[in-house]
Amino acid sequence: MNETRNTLHKESVTLKRLQHRIQSQAVTIDNLNANFDALESIVNNLSRIVDKFEWTMRANLEARPVDAPIPPHLVVPTTQSPIYPRDCDEVYQSGGMRYLGDYYILVKPERSTTPFRALCKIMEGAGWTVIQRRHDGRENFTRDWEDYKHGFGDLQAEFWLGNENIHLLTTQDDYELRIVMEDWDGRRHHAEYDRFRVSGERSNFKLHVSGYHGNAGDSLTSFYHSHSGMEFSTYDRDNDRRLYDNCAEHYGSGWWYNDCYESHLNGKFYPHGSHDNFFIRDGILWNKIHQYASLKSTEMMIRPAPKAKLPNEI
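Position one of the sequence shown corresponds to residue 57 (my numbering), numbered consecutively onward.
Next comes the structure, spelled out in structure tokens:
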């Protein structure tokens, strides 16, 4: 009897040891699984970083000046001409823009003879091409016709993409316009237009815009001073409808003036929004937001218009 008890006791001890080993191995397996999960997450993050870095390197390489030497390790022998996207949305739709942020990419509209560098952004499931940005006043927007035609400024700061470039972009397809604005009280406003097109230089870069919606109020196609159908004016090229004055010379920057404006997003930058002269409203204005306070920042961006929401022809 005692021998049987001793045997059972030994078996019990052995079983407890086995159970302890199994529990220890289970903990080890759990730890390994956790480590594998962590490693998988790290690999995925690195993969995303590599993808974004690869696209940035491609964009930077394409954007180098013609006479700049290309590092040998980046030279890819080819006999074919490079193929450029026609706008930022084409880059987005092809998977080249995956993460929020600013992208600087060479684009080439269908009728363009040469590519040009553009600022691209992701918003609302599309790739947007930014055509204007204001936010700190470092760039002088009192420019002549040629400057506004070809564009000026810094894509990483303030700029105008250029009337010719905007024309080439918006005449290769139907485009829509989105304007994002911020006032000095920190309120953000947006105005969207379902149709946006700029004619060529023969028509003095005439503006065609319609289909407003947003929370900023309509200061582009309002009844009082609609800018749609207006030709672009600068201080050295007067194409506005005011008979006794040049609106661009009076207000100091290029725009699609009527007689004179309901909006004026290329105006002078005023810190804190107060004009030097209350009676000369030459700041960055969107009258439906405020008629006398200059805005803090603006961004104008375009993308191909979704086919289902297009209004009637302009």
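A virtual CB, placed ideally from N, CA and C, is assigned to each residue, including glycine.
Check: If you draw a straight line from the C-alpha of residue 323 to the C-alpha of residue 204, how long is it?; Outcome: 13 Å
Check: Residue 383 to residue 192, Cα distance in whole Å?; Outcome: For residue 383 there is no data in the structure shown, the boundaries of the chain being 57 and 370.
Check: Evaluate residue 141 with the Cβ neighbour count: other Cβ atoms within 10 Å of its Cβ, from every protein chain shown; 16 or more gives buried, anything less gives exposed.; Outcome: buried
Check: Could you give the first and the last residue of the continuous alpha helix (DSSP H) run that contains residue 225?; Outcome: 219 to 226
Check: Using the Cα positions of residue 218 and residue 187, report the straight-line distance between them to the nearest angstrom.; Outcome: 8 Å
Check: Going by the DSSP bridge assignment, what does residue 339 pair with across the sheet?; Outcome: 324
Check: Buried or exposed for residue 210, going by 16 or more other Cβ atoms inside 10 Å?; Outcome: exposed
Check: Following the continuous alpha helix (DSSP H) through residue 204, name the residue where it begins and the one where it ends.; Outcome: 201 to 206
Check: Return yes when at least one heavy atom of the ligand HEM lies under 7 Å from the C-beta of residue 208, else no.; Outcome: Absence of the ligand HEM from the depicted structure is noted, as is the absence of any ligand whatsoever, leaving it without description.
Check: Tell whether a beta-carbon distance below 8 Å holds between residue 286 and residue 307.; Outcome: no
Check: DSSP three-state label for residue 250, please.; Outcome: strand
Check: What are the residues that DSSP puts in a beta bridge with residue 181?; Outcome: In the DSSP output, where bridge partners are listed per residue, residue 181 has none listed.
Check: Span of the beta strand (DSSP E) holding residue 214?; Outcome: No beta strand (DSSP E) contains residue 214, which DSSP labels as neither H nor E.
Check: Look at the Cβ atom of residue 195, then the Cβ atom of residue 220, and state whether they are nearer than 8 Å.; Outcome: no
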